[in-house]
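Numbering (the numbering used here), first residue to last: 4 to 495.
See below for the structure under consideration.
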Ligand SMILES: C[S@@+](CC[C@H](N)C(=O)[O-])C[C@H]1O[C@@H](n2cnc3c(N)ncnc32)[C@H](O)[C@@H]1O
């Protein structure tokens with residue numbers, strides 16, 4: 004949603020980067036994220052003194068130095084959104100069925116439990132697993148516990164190792180866990196106790212680089228790989244899932260994101276429904292008796308069908324929904340949007356709006372979906388409907404501004420963004436987009452003022468309402484973009 008600050012990335016050059024990134028880490032940057040990629044490339048190129056995309060790409064391809072640089076770039080292009088106990092139903096299933104079953108099976112053998120969180124981001128997932136495991140294993144000292152978190156973002160991994168978090172990431176967690184395992188530091192962050200930190204180790208591992216070192220990366224009882232391969236293309240997902248199958252112990256479990264499925268990806272695993280969660284089990288004989296000893300579970304023949312029933316997400320035909328489902332459906336849609344499943348998010352949002360046409364949040368999110376699909380008239384239409392009911396809606400003005408900007412109706416975009424910051428001076432993206440437009444018009448004084456305003460509001464409200472429109476960018480990255488622009492304008 005930013006414009007004007009970086010040199011153009013032509014579709015041809017974008018494709019070269021798209022292919023390079025896809026080949027080297029599996030992430031497929033869709034065309035609508037070209038703008039976001041442009042900013043990330045630009046940040047790295049400026050640091051290294053490159054002004055030409057092709058020269059930078061050659062550097063990336065150039066042996067060890069290029070590999071190291073690619074890791075720096077990955078810090079900027081990966082989407083690290085996560086939280087403790089993300090999708091609590093899966094953790095409930097882990098606690099109630101999966102861990103007890105593994106304990107039962109292994110307590111008379113090697114008393115070892117090995118769990119891998121692949122694509123662990125900033126560590127909330129493996130630490131949540133550690134907390135659940137400790138709850139279920141009172142005699143933990145007599146077991147060998149091995150929990151590994153891996154990722155390709157070194158920045159995320161170093162935050163994971165530090166183990167201190169802000170409140171936002173703890174929103175799904177039980178108060179009891181916070182009391183038991185966290186202490187607040189002077190900065191107001193919640194820091195994990197050594198007891199939990201010691202249970203988890205972290206390392207760099209790229210899921211797309213084969214072969215996996217199975218001696219180290221094998222013999223897992225459980226693998227979590229949630230919300231990672233949603234950014235991959237089908238052949239890469241198939242390879243990764245096949246590698247997971249190889250590296251799991253027999254009877255081992257695979258947890259994938261709640262909106263993901265192995266349908267048409269792998270039929271080696273047996274899908275199992277555990278209350279409101281789905282897990283996949285490696286059972287060469289496809290026998291579900293073992294886990295049935297612990298609690299009654301159902302093998303699912305058609306996981307898609309059951310998922311549709313549970314979530315209301317139909318592949319094509321939207322399902323009729325009951326009024327009380329509005330909030331649930333909207334939350335689901337937000338999640339799908341975050342995970343960039345726009346098609347399904349759209350179906351959900353249309354369902355929400357059928358229930359309640361006055362739901363402005365749903366309407367604006369739908370507008371964003373349309374804008375991402377370059378359906379600008381449809382996006383503007385949704386924003387206008389909201390403004391008709393609430394002429395002071397800041398996000399609606401912002402969405403209109405973005406649409407005008409995309410359609411190169413710059414004067415109108417400026418008007419809308421000015422309204423945004425007039426109504427809410429902390430709506431950081433309003434300032435940032437104004438700054439970018441001014442800069443592209445060589446109005447340096449105005450651009451400087453707005454970049455400074457953007458920095459101020461990003462620091463004051465790093466999790467403000469603007470975040471919903473930031474396309475996955477964190478405030479820190481945007482602050483860096485602003486500061487660099489400020490530096491350059493001052494130099495020029
Ligand atoms: C959205 S986060 C998911 C975090 C966590 N699993 C969860 O569900 O909350 C996706 C993570 O996958 C990581 N990732 C992307 N491509 C990867 C790859 N090829 N190998 C390992 N990790 C990868 C990203 O760096 C990012 O931290």
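Cβ coordinates follow ideal geometry from the N, Cα and C atoms, glycine included.
These numbers were taken from a predicted model, which means no experiment stands behind them.
Give me the residue from 389, 485, 494 with the minimum Cα distance to residue 46. Taking the chain shown and counting its residues from 1, the one referred to as residue 46 is at position 43. Ranking 389, 485, 494 by Cα distance to residue 46 puts 485 first.
Out of curiosity, what's the CA-to-CA distance linking residue 492 and residue 14? To locate residue 492, count along the chain shown from 1; it is residue 489. To locate residue 14, count along the chain shown from 1; it is residue 11. Within the model, the alpha-carbon separation for residue 492 versus residue 14 is close to 27 Å.
So what's residue 487 in DSSP terms, helix, strand or just coil? Taking the first residue of the chain shown as 1, we reach residue 487 at position 484. In this structure, residue 487 counts as helix in the three-state DSSP scheme.
State the CB to CB distance for the pair residue 114 and residue 147, rounded to an integer number of angstroms; the pair is presumed to be in contact (CB under 8 Å). Taking the chain shown and counting its residues from 1, the one referred to as residue 114 is at position 111. Taking the chain shown and counting its residues from 1, the one referred to as residue 147 is at position 144. Going by Cβ atoms, the distance from residue 114 to residue 147 rounds to 7 Å, so yes, they are a contact pair.
Which residues in the same chain have their Cβ closer than 6 Å to the Cβ of residue 120, if we skip the five residues on either side of it in sequence? Taking the chain shown and counting its residues from 1, one reaches residue 120 at position 117. The answer, listed in chain order, is 128, 129, 152, 227.
Where does the unbroken beta strand (DSSP E) through residue 117 begin, and where does it stop? Position 114 of the chain shown, counted from the first residue, corresponds to residue 117. Membership of residue 117 in the beta strand (DSSP E) is indicated by the continuous run 115-121.
Just to confirm the assignment: which complete beta strand (DSSP E) runs, minimum length 3, are found wholly within the stretch 156-207? Fully enclosed beta strand (DSSP E) runs of 3 or longer: 185-187, 193-195, 203-207.
Roughly how far, in whole angstroms, is the beta-carbon of residue 349 from the beta-carbon of residue 378, given that I think they are within contact range, below 8 Å? In the chain shown, residue 349 corresponds to position 346, counting from 1. In the chain shown, residue 378 corresponds to position 375, counting from 1. Rounded, the Cβ-Cβ distance is 10 Å, inconsistent with contact.
Would you decide whether residue 237 is buried or exposed? Buried here means 16 or more other CB atoms lie within 10 Å of its CB. Here residue 237 is taken as the residue at index 234 of the chain shown, counted from 1. Exposed.
When you compare the CB positions of residue 126 and residue 166, do they come within less than 8 Å of one another, or not? As a working note, residue 126 is residue 123 in the chain shown. As a working note, residue 166 is residue 163 in the chain shown. Taking 8 Å as the Cβ cut-off, residue 126 and residue 166 qualify as a contacting pair.
For residue 56 and residue 483, I'd like the C-alpha separation in whole angstroms. On the chain shown, position 53 is the one that residue 56 refers to. On the chain shown, position 480 is the one that residue 483 refers to. Roughly 20 Å between the two C-alpha positions.
N- and C-terminal bounds of the beta strand (DSSP E) containing residue 73: Here residue 73 corresponds to residue number 70 of the chain shown, with the count starting at 1. DSSP places residue 73 outside any beta strand (DSSP E); the residue lies instead in the alpha helix (DSSP H), whose first and last residues are 66-80.
Is residue 126 near ligand 1, in the sense that its beta carbon is under 7 Å from a heavy atom of that ligand? Locating residue 126 in the chain shown gives position 123, where the first residue counts as 1. Proximity of the beta carbon of residue 126 to ligand 1 is not indicated: no heavy atom of the ligand is located closer than 7 Å.
Answer yes or no: the CB of residue 30 versus the heavy atoms of ligand 1, is any distance below 7 Å? In the chain shown, counting from the first residue as 1, residue 30 sits at position 27. Checking the Cβ of residue 30 against ligand 1 gives yes.
Is it a yes or a no for the stretch 419-437 touching the stretch 455-465, going by three-plus beta-carbon pairs under 8 Å? At 8 Å Cβ cutoff, the stretches touch.
Does residue 253 come out as helix, strand or coil in the three-state DSSP assignment? Reading the chain shown from its first residue, position 250 is the one you call residue 253. It is a strand residue.
In terms of residue numbering, what span does the beta strand (DSSP E) encompassing residue 85 cover? For this step, residue 85 is matched to residue 82 along the chain shown. In the DSSP annotation of this structure, residue 85 is not part of any beta strand (DSSP E), being labelled neither H nor E.
When the Cα atoms are used, what is the spatial distance from residue 278 to residue 360? Taking the chain shown and counting its residues from 1, the one referred to as residue 278 is at position 275. Taking the chain shown and counting its residues from 1, the one referred to as residue 360 is at position 357. Roughly 33 Å between the two C-alpha positions.
On the CB-based measure, 16 or more other CB atoms within 10 Å of its CB, does residue 41 come out buried or exposed? The count along the chain shown starts at 1 and reaches residue 41 at position 38. Classification of residue 41: buried, given that the 10 Å Cβ count is 16 or more.
Nearest candidate by alpha-carbon position, reference residue 196, set 50, 181, 206, 12: Position 193 of the chain shown, counted from the first residue, corresponds to residue 196. Checked all of 50, 181, 206, 12; the closest Cα to residue 196 is 181.
Return helix, strand or coil for residue 275, following the three-state DSSP convention. Counted from its first residue, the chain shown places residue 275 at position 272. Three-state DSSP puts residue 275 in a strand.
Where does residue 221 fall in DSSP's three states? The residue given as residue 221 occupies position 218 in the chain shown. Three-state result, residue 221: coil.
Do you know whose CA, among 18, 85, 48, lies nearest residue 174's CA? Position 171 of the chain shown, counted from the start, is the residue given in the question as residue 174. The option with the nearest alpha carbon to residue 174 is 85.
With DSSP run on the structure shown, which of helix, strand or coil describes residue 380? One-based indexing of the chain shown puts residue 380 at position 377. In this structure, residue 380 counts as helix in the three-state DSSP scheme.
For residue 147, list the residues DSSP reports as bridge partners. For the purposes of this step, residue 147 is identified with residue 144 of the chain shown, where counting begins at 1. Residue 147 is bridged to 115.
Taking the C-alpha atoms as reference points, what is the distance between residue 542 and residue 38? Residue 542 is absent from the structure shown; the chain starts at 4 and stops at 495.
Residues near residue 363 by beta carbon distance below 6 Å, same chain, minus five either side: Your numbering for residue 363 matches position 360 in the chain shown. The answer, listed in chain order, is 389.
Taking the continuous beta strand (DSSP E) assigned at residue 423, which residues delimit it? Here residue 423 is taken as the residue at index 420 of the chain shown, counted from 1. For residue 423, there is no enclosing beta strand (DSSP E); the residue is part of the alpha helix (DSSP H) that begins and ends at 413-426.
Quick one: grab the DSSP three-state call for residue 316. The residue you call residue 316 lines up with position 313 of the chain shown. With a pLDDT of only 45 at residue 316, under 50, the local geometry of the prediction cannot be trusted, and the value read off the model is given with reservation. Correct three-state label for residue 316: coil.
Residue 168 CB to nearest heavy atom of ligand 1 below 7 Å: Your numbering for residue 168 matches position 165 in the chain shown. Because no heavy atom of ligand 1 lies under 7 Å away, the Cβ of residue 168 does not count as near it: no.
Which of helix, strand or coil DSSP assigns to residue 232: One-based indexing of the chain shown puts residue 232 at position 229. For residue 232, the secondary structure class from DSSP, reduced to helix, strand or coil, is helix.
Can you give the Cα-Cα distance for residue 223 and residue 29, rounded to whole angstroms? Counted from its first residue, the chain shown places residue 223 at position 220. Counted from its first residue, the chain shown places residue 29 at position 26. The alpha-carbon atoms of residue 223 and residue 29 are separated by roughly 22 Å.
Quick check: the stretch 433-445 against the stretch 413-423, are at least 3 beta-carbon pairs closer than 8 Å? Because the criterion of three Cβ pairs below 8 Å is met, the stretch 413-423 and the stretch 433-445 touch.
Helix, strand or coil for residue 440 per DSSP? For the purposes of this step, residue 440 is taken as residue 437 along the chain shown, with counting starting at 1. The answer is helix: DSSP assigns residue 440 an H, G or I state.
Nearest residue (CA-CA) to residue 504, options 412, 205, 211: Residue coverage of the chain in this structure runs from 4 to 495, which leaves residue 504 outside it and unanswerable.
Using the rule of at least 16 other Cβ atoms within 10 Å of the residue's Cβ for burial, across every protein chain shown, is residue 481 buried or exposed? One-based indexing of the chain shown puts residue 481 at position 478. Burial call: buried.
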